[in-house]
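Please read the structure below before turning to the comments.
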Amino acid sequence: MQSKELARQAGKHACERTGVQFLDDTVAKKKIWLRRNPQGRLELCRIFFFEFATDGEHRYEGRIVVLGKTVADVSMDAYRIS
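Counting from 23, one number per residue, gives the positions in the sequence shown under our numbering.
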């Protein structure tokens, strides 16, 4: 549950930073596996997806990678600026 909340906050922050709307105020876990962290230790790696919109009509998707208890990456689909 802690990683989901961490991912939700990262998605919300990414949307605020880029000036788009974070939809449904939630993220969904899509994948989980073991991966080595930068120190070489095995940790759980999770991928979460979220949706965002620029104009309220078109939905786009974003992805968040959480490695252990750290957000490793946030990426967002290319979107149209209105």
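A virtual CB, placed ideally from N, CA and C, is assigned to each residue, including glycine. These figures come from a predicted structure and were not determined experimentally.
| query | result |
| --- | --- |
| Of the residues 97, 56 and 55, which one's Cα is nearest the Cα of residue 72? | 97 |
| Where does residue 78 fall in DSSP's three states? | coil |
| What first and last residue would you give for the beta strand (DSSP E) that runs through residue 97? | 92–98 |
| What did DSSP end up calling residue 102 once you bin it into helix, strand or coil? | coil |
| Check whether the Cβ atoms of residue 44 and residue 70 lie closer than 9 angstroms to each other. | no |
| My understanding is that residue 99 touches residue 78, with C-beta atoms under 8 angstroms, so please give their C-beta distance in whole angstroms. | Between residue 78 and residue 99 the Cβ distance is about 16 angstroms, and since that is not below 8 angstroms, they are no contact. |
| Do residue 24 and residue 91 have their CB atoms nearer than 9 angstroms? | yes |
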